[in-house]
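Chemist:
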Amino acid sequence: KGLNDAQNEAVTHLNGPLLIVAGAGSGKTKVLTSRIAHIISEKKAFPNQILAVTFTNKAANEMRNRVSKILGSTSVGLSWLGTFHSICAKLLRKHASAVHLNSNFTIIDTDDQVRLIKNICKSENIDIKQLAPKYILAIIDKWKNKGKYPNEVTVNHKDIYEKTILPVYKIYQQKLRELNVCDFGDLILHVVKILEKNKDIREIYSKNFKYILVDEYQDTNYIQSKWLKLLTGENENLCCVGDDDQSIYSWRGAEIKNFLEFDQVYKNTKVIRLEQNYRSSQNILSVASNLISNNQNRVGKTLITTMEEGD
13 KGLNDAQNEA
23 VTHLNGPLLI
33 VAGAGSGKTK
43 VLTSRIAHII
53 SEKKAFPNQI
63 LAVTFTNKAA
73 NEMRNRVSKI
83 LGSTSVGLSW
93 LGTFHSICAK
103 LLRKHASAVH
113 LNSNFTIIDT
123 DDQVRLIKNI
133 CKSENIDIKQ
143 LAPKYILAII
153 DKWKNKGKYP
163 NEVTVNHKDI
173 YEKTILPVYK
183 IYQQKLRELN
193 VCDFGDLILH
203 VVKILEKNKD
213 IREIYSKNFK
223 YILVDEYQDT
233 NYIQSKWLKL
243 LTGENENLCC
253 VGDDDQSIYS
263 WRGAEIKNFL
273 EFDQVYKNTK
283 VIRLEQNYRS
293 SQNILSVASN
303 LISNNQNRVG
313 KTLITTMEEG
323 D
């Protein structure tokens, strides 16, 4: 009830890869939560066989509450609904020994990271006035988002700092391991390496997760899309929702090509466009659509509103 035709199709199309191109204000959260509720009520999977990934804890809580509301029960048991980082932390605690950590590892914050980098720079005679610890961490984070441990990094020779930073990255990773800690980048990186190297662990999860749903897919980076690919396994019931016109996190490593090339990576992808806008008047939509149509990298869609022309 209460879903338009495109939303209804997005909720009920359950087999194989699905890309939902959701325009602004087109009710994508409603679609995601209805889809989860539909899978559970149709007994296609138990709640703990659904992996639902968001970017913020706020979005995860919102989804959990909405699913509970639809199903009329608060104990839905969606134990794998959360952010990329929270789900990876959970996986890593289970398999920490595979990357030489103990399961009670702690996750360090930026201040601790900076302190550690300063100490390394001091012992390596690197002038932190010339090379700021935060810049070093940004480069290390970039490498981690590309899925690379220190021994896998190829230095970009056009960047005069990278060859100085690589040895720091090596020592930094060693120290983290000795201290039994992870930074945020490690959470996903370690899990990807565990899944790549251990077929048995990979199969446990790819068999368990009968349905995978991802919100804001346009903002995923290389390592996140790799993680999803490893978990998708045989059934390929991967549903990604996003808007190519709202991709703003390239500065944080987000790769719009994950979205634009989704149907090339996952064969037989069904694409559904949510083009009915419930938020803005027609005048606002027309201006926005005209402006954004100049973008070169986009799937393309035509938003229509349920409202009057407006001011």
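The sequence shown begins at 13 in this note's numbering and counts up one residue at a time. For every residue, glycine included, the Cβ atom is placed at its ideal position computed from N, Cα and C.
1. Which word fits GLY322, buried or exposed, when buried means at least 16 other C-beta atoms lie within 10 angstroms of its C-beta?
2. Please confirm if the stretch 56–63 is in contact with the stretch 278–285, defined as three or more CB-CB distances below 8 angstroms between the two stretches.
3. Does ASN157 pass the burial test, meaning 16 or more other C-beta atoms within 10 Å, or should it be called exposed?
4. For ASP256, which option in ALA110, LEU243, ILE304 and LEU225 has the closest C-alpha, if you only look at C-alpha atoms?
5. Leaving out five residues on either side along the sequence, give the residues of the same chain with a beta carbon under 6 angstroms from the beta carbon of SER115.
6. Which stretch, first to last residue, makes up the beta strand (DSSP E) that contains ALA223?
7. Note down the Cα distance separating ASN289 from ASP198, rounded to an integer number of angstroms.
8. Where does the unbroken alpha helix (DSSP H) through LEU243 begin, and where does it stop?
9. Between which two residues does the alpha helix (DSSP H) carrying LEU103 extend?
10. For ASN233, count the other beta carbons within 10 Å of its own beta carbon; 16 or more makes it buried, fewer makes it exposed. Which is it?
11. Can you tell me which of ILE51, VAL180, VAL88 and THR95 puts its alpha carbon nearest to the alpha carbon of LYS146?
12. Relative to the C-alpha of GLN338, which candidate in GLU208, ALA110 and LYS241 has its C-alpha closest?
13. In its own chain, which residues sit with a C-beta less than 7 angstroms from the C-beta of LYS175, not counting the 5 before and 5 after it?
14. Compute the distance between the beta-carbons of LEU225 and ALA36, then report whether it is under 9 angstroms.
15. Within the stretch 179–203, note down every full alpha helix (DSSP H) run reaching 4 residues or more, in order along the chain.
16. With H, G and I counted as helix, E and B as strand and the rest as coil, what does DSSP make of ILE120?
17. List the endpoints of the continuous alpha helix (DSSP H) containing VAL299.
18. Run the CB neighbour count on TRP155, radius 10 Å, all protein chains shown included, and call it buried at 16 or more, exposed below.
19. Give the DSSP bridge partners of THR66, in chain order.
20. Leaving out five residues on either side along the sequence, give the residues of the same chain with a beta carbon under 6 angstroms from the beta carbon of CYS402.
21. Roughly how many angstroms lie between the CA atoms of ASN309 and TYR229, to the nearest whole one?
22. Could you tell me if GLN142 is buried or exposed, where buried requires 16 or more neighbouring beta carbons within 10 angstroms of its beta carbon?
23. Would the stretch 79–92 and the stretch 243–250 be scored as touching if the rule is three or more Cβ pairs under 8 angstroms?
24. Using three-state DSSP, classify ILE32 as helix, strand or coil.
25. Below 7 angstroms CB to CB, which residues in the same chain sit around LEU128 once its five sequence neighbours on both sides are set aside?
26. Nearest CA to the CA of ASN69: which residue from TRP92, ILE51 and HIS50?
27. Please report the straight-line C-alpha distance between ASN295 and VAL23, rounded to a whole angstrom.
28. So what does DSSP say about ALA266, is it helix, strand or coil?
29. Let me make sure I understand the geometry here. Which of TYR161, PRO29 and SER46 has the alpha-carbon closest to that of GLN19?
30. Sort out for me which residues DSSP pairs LYS282 with in a bridge.
31. Give me the Cα-Cα distance between GLN125 and SER262, rounded to the nearest whole angstrom.
Modeler: Considering the structure as presented:
1. exposed
2. no
3. buried
4. ILE304
5. ARG105 and ALA108
6. What sits at residue 223 in the sequence shown is Tyr, not Ala. Counting along the chain, the beta strand (DSSP E) containing TYR223 begins and ends at 223–226.
7. 38 angstroms
8. 234–244
9. 96–106
10. buried
11. VAL180
12. Since the first and last residues shown for the chain are 13 and 323, residue 338 lies out of range.
13. VAL167
14. no
15. none
16. coil
17. 294–304
18. buried
19. THR95
20. Lying before the first or after the last residue shown, residue 402 is absent from the chain, which here runs from 13 to 323.
21. 15 angstroms
22. exposed
23. no
24. strand
25. TYR184 and LYS187
26. TRP92
27. 30 angstroms
28. strand
29. SER46
30. LEU30
31. 23 angstroms
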